[in-house]
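Residue numbers (this note's numbering): 287 to 504.
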């Protein structure tokens, strides 16, 4: 079958799918990114949505999903996790297929990861240049207390942060450390961010174009 008008990520790595509400966790089912986005759940787990425009062609959604799962399975197998792409029960694979769809001229893939660094490893493995980050960490804010103490932070209104110590002592407060400019969505509301970050809404931040960005969400 002739494949026409598919996104570069599909042709090169088979990884670009369309996000649907049912693919997301129930708590954030209303969030549907229009751009490549790192999505962080309240418990700190990570999903990645890769979004691309594509020309209408003859590549079916089922074929696209099968191809994506095959690449994920290959990667997992290379790590000794077996050639599988979808987690079963409480099992967590290094990379898991979440959902995919083609529609309205867009192709978007949603995948989940057992750690933030795995996203970067997988992107390099498949040659997915949609992932802009060269460093990505997610941790309890208290774990990065010493590092954060030396970072100029601002609140959602752009004012100099005055509640850092309070947040560091707040149970469940998450800190995100990223290098590379890209969108990060957090299920928790963004409270503080480092200078150079741009707040898109109370859950979404575009990280700085240069240097390391920090986001604190509660």
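Beta carbons: idealized from backbone N, C-alpha and C, even for Gly.
Legend entry - Member of 378, 402 and 386 whose CA lies at the smallest distance from the CA of residue 350: 386
Inset, instruction - Answer with buried or exposed for residue 468, where buried requires no fewer than 16 other C-beta atoms within 10 angstroms of its C-beta. - result: buried
Inset, instruction - Classify residue 366 as helix, strand or coil using the three-state DSSP reduction. - result: Three-state DSSP puts residue 366 in coil, outside helix and strand.
Legend entry - Own chain residues within Cβ distance below 7 Å of residue 286, not counting five before or after: Residue 286 is absent from the structure shown; the chain starts at 287 and stops at 504.
Legend entry - Inter-residue Cα distance where the pair is residue 383 and residue 358: 7 Å
Inset, instruction - Assuming residue 326 contacts residue 462 (C-beta within less than 8 Å), just tell me the rounded distance between them. - result: 7 Å
Legend entry - Rounded straight-line distance, which links the Cα of residue 368 to that of residue 481: 42 Å
Legend entry - Residue range of the unbroken alpha helix (DSSP H) whose run includes residue 318: No alpha helix (DSSP H) contains residue 318, which DSSP labels as neither H nor E.
Legend entry - Contacts around residue 494, its chain only, beta-carbon distance under 6 Å, and the 5 residues preceding and following it disregarded: 482 and 483
Inset, instruction - Could you check what DSSP says for residue 391 in three-state terms: helix, strand or coil? - result: coil
Legend entry - Straight-line gap, residue 336 to residue 395 (C-alpha atoms, nearest Å): Rounded to the nearest angstrom, the two C-alpha atoms are 5 Å apart.
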